[in-house]
Amino acid sequence: MSTAPVIAAVDGSDDSLRALEWAFDAARRRGAPLRVVHVRQYAAWGQADVLVAGPPEAEGDPVLDDVRTRITGRGAQPVIEYIALEGVPGAVLPELGADAQLLVLGSRGRGGFASLLLGSNGLAAARDAECPVVVVPRPGRQVHGEGPAEPGPRVVVGLHADSPDEAGLAFAFAEAALRGARVQVIAAYPWPVQTWSAPGELMPPQTGQDAVEHETRALAEGFLAPHRTRHPEVRTDVEALPGDAAGHLVAASKDAELVVVGRHRRRLLAPARMMGSVTQAVLLHAASPIAVVPPVSVEE
53 MSTAPVIAAV
63 DGSDDSLRAL
73 EWAFDAARRR
83 GAPLRVVHVR
93 QYAAWGQADV
103 LVAGPPEAEG
113 DPVLDDVRTR
123 ITGRGAQPVI
133 EYIALEGVPG
143 AVLPELGADA
153 QLLVLGSRGR
163 GGFASLLLGS
173 NGLAAARDAE
183 CPVVVVPRPG
193 RQVHGEGPAE
203 PGPRVVVGLH
213 ADSPDEAGLA
223 FAFAEAALRG
233 ARVQVIAAYP
243 WPVQTWSAPG
253 ELMPPQTGQD
263 AVEHETRALA
273 EGFLAPHRTR
283 HPEVRTDVEA
293 LPGDAAGHLV
303 AASKDAELVV
313 VGRHRRRLLA
323 PARMMGSVTQ
333 AVLLHAASPI
343 AVVPPVSVEE
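The working numbering numbers the first residue of the sequence shown as 53 and each following residue consecutively.
Okay, here's the thing in structure tokens:
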């Protein structure tokens, strides 16, 4: 088991305290230390490009003092470290992921507009951190669609049959094993498939939907085989579904333990870190906690 810490980012808000509870449980399951971090925002006139973070000063921090009070006395605690930093949270938090196995934060903190579904710090961390980032949403998010066909803990993961995300799949299986959960794999395929024969003229699909669904499922089963071998105790259900991948993942998030999505690799013509539209939509709308998993480093 890795000794790298699970980091909980707190700022005293209810959102961050929910993230703290999730991180506490995650650290306990992993046998990992828990690092509770409060990044105190610079004044508005501060120059973030001059100094990213100040030295740790955990003593006398009221946010961390409140966390200590909440946690003290609990049984089966992980080793807990408290750190206070000064800086711009959107810059500091991603950097903390360099030596962590997981970074956990709430969907919104104290700042920002009440109407936002995801705060800027959560977006920055999910986009830039080198470790997986878990964003814990506010309770009560409504999602459309029916609930799961059967009860029990689930970890939901998206699979793109044309370019599978091995890091995301590996994370989903490992997390399911820790939680005694099954993995629900959502493999979406485009339908209807339309091609242009001439300007303004659409050709009907050359292949039937049943064939496309069968091919998508077969590809997914092949990509999942090594993960099933590594985690034979984890049950896997594969759903090949037509249309919008983000919509299917959001619908599947109802009553799920976690939804796992990947982050785009850097590309030659787009060297900055990016998140795809599916990942952003899931972060904004999923009802369960969302794990954004960075790709295996190749060119970075």
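Glycine residues also receive a C-beta, built at the ideal position from the N, C-alpha and C atoms.
Is the Cβ-Cβ distance between Val235 and Val207 less than 8 Å? In the sequence shown, the residue the question calls residue 235 occupies position 183. In the sequence shown, the residue the question calls residue 207 occupies position 155. Closer than 8 Å, so yes.
Going by DSSP, what residue range makes up the alpha helix (DSSP H) through Ala152? The residue you call residue 152 lines up with position 100 of the sequence shown. Premise fails: Ala152 is in no alpha helix (DSSP H) and is neither H nor E.
How is the beta strand (DSSP E) around Glu138 delimited, first residue to last? Looking up residue 138 in the sequence shown gives position 86. Counting along the chain, the beta strand (DSSP E) containing Glu138 begins and ends at Ile132 to Gly139.
Between Ala239 and Leu221, is the Cβ-Cβ spacing less than 8 Å? Looking up residue 239 in the sequence shown gives position 187. Looking up residue 221 in the sequence shown gives position 169. In this structure, Leu221 does not lie closer than 8 Å to Ala239 by Cβ.
Is Glu351 buried or exposed, if buried means 16 or more other CB atoms sit within 10 Å of its CB? Mapped onto the sequence shown, residue 351 falls at position 299. For Glu351, the predicted structure reports a pLDDT of 46, less than 50, and the residue's modelled location is therefore unreliable. The matter cannot be settled from this model.
Where Leu310 sits in the DSSP three-state scheme: Taking the sequence shown and counting its residues from 1, the one referred to as residue 310 is at position 258. Strand at Leu310.
Nearest to Glu265 by CA position, among Ala233, Val91, His279 and Gly295, is which residue? Position 213 of the sequence shown, counted from the start, is the residue given in the question as residue 265. Minimum Cα distance to Glu265 is reached at Gly295.
Using C-beta distances below 8 Å, list every residue in its chain close to Arg81, excluding the 5 sequence neighbours before and after it, in chain order. Reading the sequence shown from its first residue, position 29 is the one you call residue 81. Excluding residues within five positions, the ones whose Cβ falls inside 8 Å are Leu230 and Arg231.
Inter-residue CB distance, Gln74 and Val209 (contact presumed, cutoff 8 Å): Translated into the one-based positions of the sequence shown, residue 74 becomes position 22. Translated into the one-based positions of the sequence shown, residue 209 becomes position 157. The residue you asked about is not Gln; residue 74 is Trp in the sequence shown. About 18 Å; that fails the 8 Å criterion.
Once the 5 residues before and after Ser172 are set aside, which same chain residues still bring their CB inside 6 Å of it? By 1-based counting over the sequence shown, the position of residue 172 is 120. Closer than 6 Å at Cβ, skipping near neighbours: Gly142.
Apart from the five residues on each side of it in sequence, which residues of its chain come closer than 8 Å, Cβ to Cβ, to Gly260? To locate residue 260, count along the sequence shown from 1; it is residue 208. Taken in chain order, the list of residues that qualify is empty.
I need the straight-line Cα distance from Phe223 to Gly83, nearest angstrom please. Locating residue 223 in the sequence shown gives position 171, where the first residue counts as 1. Locating residue 83 in the sequence shown gives position 31, where the first residue counts as 1. Roughly 16 Å separates the two Cα atoms.
So what does DSSP say about Asp289, is it helix, strand or coil? Position 237 of the sequence shown holds residue 289. Correct three-state label for Asp289: strand.
In the DSSP assignment, find the alpha helix (DSSP H) that holds Gln261 and state where it starts and stops. Position 209 of the sequence shown holds residue 261. Unbroken alpha helix (DSSP H) run through Gln261: Gln261 to Arg282.
In chain order, what residues of the same chain lie with their CB nearer than 8 Å to the CB of Asp151, ignoring the 5 residues before and after it? Walking along the sequence shown from the start, residue 151 turns up at place 99. These residues qualify, in order along the chain: Ala56 and Pro57.
Put Gly158 into one of helix, strand or coil per three-state DSSP. To locate residue 158, count along the sequence shown from 1; it is residue 106. Three-state result, Gly158: strand.
Take every Cβ of the stretch 175-187, pair it with every Cβ of the stretch 274-286, and state whether three or more of those distances are shorter than 8 Å. no
What does the Cβ neighbour count give for His337, buried or exposed, with the cut at 16 atoms within 10 Å? Locating residue 337 in the sequence shown gives position 285, where the first residue counts as 1. The residue in question, His337, is buried, as its Cβ has 16 or more Cβ neighbours within 10 Å.
Val88 beta carbon less than 8 Å from that of Leu69: Start at 1 with the first residue of the sequence shown, and residue 69 comes out as number 17. Start at 1 with the first residue of the sequence shown, and residue 88 comes out as number 36. No.
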